[in-house]
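The opening position of the sequence shown corresponds to residue 0 in numbering that gives the first Met the number 0, with each subsequent residue numbered one higher. Here a beta-carbon is modelled for each residue, glycine too, at the ideal position from N, C-alpha and C. The structure appears right after this line, and notes come after that.
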Amino acid sequence: MALGLKKVLRSGFEDALVRVPEALKTEGFGVLTEIDVTDTLKKKLNVDFRRYRILGACNPPLAHQALQADLEVGLMLPCNVIVYEADDGKAVVAAVDPTQTAAARQNLQVRGVAEVVRAKLEQVLARLE
Numbered sequence: 000m001a002l003g004l005k006k007v008l009r010s011g012f013e014d015a016l017v018r019v020p021e022a023l024k025t026e027g028f029g030v031l032t033e034i035d036v037t038d039t040l041k042k043k044l045n046v047d048f049r050r051y052r053i054l055g056a057c058n059p060p061l062a063h064q065a066l067q068a069d070l071e072v073g074l075m076l077p078c079n080v081i082v083y084e085a086d087d088g089k090a091v092v093a094a095v096d097p098t099q100t101a102a103a104r105q106n107l108q109v110r111g112v113a114e115v116v117r118a119k120l121e122q123v124l125a126r127l128e
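Written out as structure tokens, the structure is:
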């Protein structure tokens, strides 16, 4: 069972960091948070790690629908999208698959929203190359 949707790009990390938020925007998502994992691990543990970012993406109308169906779904918001540099220098972009969450499995209304979100995230990845 895959946790997310994934695409390896022909471009590099920096290019992907510019293009991913633009692609998300075309599907109604905005980036609410950005965590620089590389920098955090260096500061907290003094370890070197590949270039890696976690973007917290939100589509407000869909988030609202999901929260109306189940207030606890907020535990899984925003949708995480990761961008990291592979060993060959190419960028990898992956997004959470909201249909794989427990809430989507237990609540039909949440499942419906999760399926829409998944389809939009698939479109985002398709736009990247």
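Let me check one thing: in DSSP terms, what residues is residue i bridge-paired to?
| i | result |
| --- | --- |
| V92 | K6, V82 |
| T98 | In DSSP, T98 forms no bridge with anything. |
| L54 | E33, V80 |
What's the C-alpha gap between residue i and residue j?
| i | j | result |
| --- | --- | --- |
| E13 | A90 | 8 Å |
| L107 | A65 | 11 Å |
| I34 | V92 | 15 Å |
| V7 | A15 | 10 Å |
| R117 | L61 | 11 Å |
| S10 | V17 | 11 Å |
Any C-beta of chain C sitting closer than 8 Å to the C-beta of residue i?
| i | result |
| --- | --- |
| E71 | Of the chains in the structure shown, none is chain C; there is only one protein chain. |
Which of the three DSSP states, helix, strand or coil, is assigned to residue i?
| i | result |
| --- | --- |
| V46 | coil |
| E26 | coil |
| D14 | helix |
| D87 | coil |
| E33 | strand |
| L107 | helix |
| L66 | helix |
| L127 | coil |
Find the nearest neighbour of residue i within the set the options, judged by alpha-carbon distance.
| i | options | result |
| --- | --- | --- |
| G55 | R126, T37, I81 | I81 |
| P97 | L40, P77, A22, I53 | P77 |
| M47 | V36, T25, Q122 | A quick correction: the sequence has Asp, not Met, at residue 47. Nearest of V36, T25, Q122 to D47, Cα basis: V36. |
| L40 | L31, V30, Y51, E33 | Y51 |
| V95 | A85, N79, D87, Q105 | N79 |
| T32 | T25, K42, P20 | P20 |
| G73 | I53, A113, E128, S10 | A113 |
| A68 | A22, N58, T25, R110 | R110 |
| A103 | S10, L44, L70, R126 | L70 |
| G27 | G88, G3, M75, C57 | C57 |
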